[in-house]
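Chemist: With the first letter of the sequence shown counted as 1, position 50 gets the number 50 in the UniProt record's numbering; the numbers rise by one all the way through.
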Amino acid sequence: MTSQPVTTSLTQVLGETFRLYVQTHGYHWNVEGPQFRQLHAMFEAQYQNLWGALDEIAERIRVHGAYAPASVADLVAHAGPEAAPAQSAEDMIDRAISGHEAIAQTLRTAIATAADAGDEVSAGLLTDRLAWHEKETWMMRASMR
């Protein structure tokens with residue numbers, strides 16, 4: 001099974017997931033303030049989910065007969081723009097929301113690409129990822145009120 005458009009979409013999702021993983025892990029390490037415990041735990045749960053997703057997405061690329069990016073440079077080449085450094089907890093949440101929204105948009109496009117190619121498995125995987133990102137965005141927005 002080889003579909004270049006699906007493989008390209010999966011590779012972009014993989015790169016953006018890696019970028020958000022690194023960003024979120026950094027926030028976990030560096031968050032401080034009155035909401036430290038809550039945010040530290042939230043960022044940890046997010047980066048753990050993102051780490052697991054990397055493997056699923058990369059293996060789906062392999063199912064298509066393509067090679068997944070195998071170096072940090074390869075992943076970064078597909079990662080999209082990096083968020084500016086955040087110092088405050090509020091900035092971290094704002095930038096995390098933006099990161100989740102950006103990957104959600106990429107996922108919507110990738111889902112359509114997979115559906116057009118008749119690749120229900122990739123579309124399902126990507127839809128599950130989209131649902132998770134949308135829920136995390138909602139939860140972070142709700143915590144800011």
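Positions of the beta carbon are idealized from the N, C-alpha and C atoms, including for glycine.
Computed from a predicted model, the values in this text were never measured in an experiment.
1) Are Ile97 and Thr137 closer than 8 Å when you measure CB to CB?
2) Could you pull the start and end residues of the alpha helix (DSSP H) that His133 belongs to?
3) For Val72, which of helix, strand or coil comes out of DSSP?
4) Kindly indicate the opening and closing residues of the alpha helix (DSSP H) around Ala79.
5) Given that a residue counts as buried once 16 or more other Cβ atoms are within 10 Å of its Cβ, and exposed if not, what is Glu16?
6) Considering only the alpha carbon of each residue, which of Val6, Phe18, Thr7 lies closest to Pro81?
7) Spatial neighbours of Thr14 within its chain, please: CB distance less than 8 Å, with the 5 preceding and 5 following residues excluded, ordered by chain position.
8) Can you list, in chain order, the residues of its chain with a C-beta nearer than 8 Å to that of His25? Leave out the 5 residues immediately preceding and following it.
9) State buried or exposed for Thr109, treating a residue as buried only when at least 16 other CB atoms are found within 10 Å of its CB.
Modeler: Walking through what the data contain:
1) A distance below 8 Å separates the beta carbons of Ile97 and Thr137.
2) Start and end: 120-143.
3) Val72 falls in the helix class under three-state DSSP.
4) DSSP places Ala79 in no alpha helix (DSSP H); its state is neither H nor E.
5) When all chains shown are included, Glu16 counts as buried.
6) That would be Phe18, whose Cα lies nearest to the Cα of Pro81.
7) Inspection of the sequence shows that residue 14 is occupied by Leu rather than by Thr. Excluding residues within five positions, the ones whose Cβ falls inside 8 Å are Leu54, Ile57, Ala58, Ile61, Ala68, Pro69, Leu75, His78.
8) The answer, listed in chain order, is Phe43, Tyr47.
9) Exposed.
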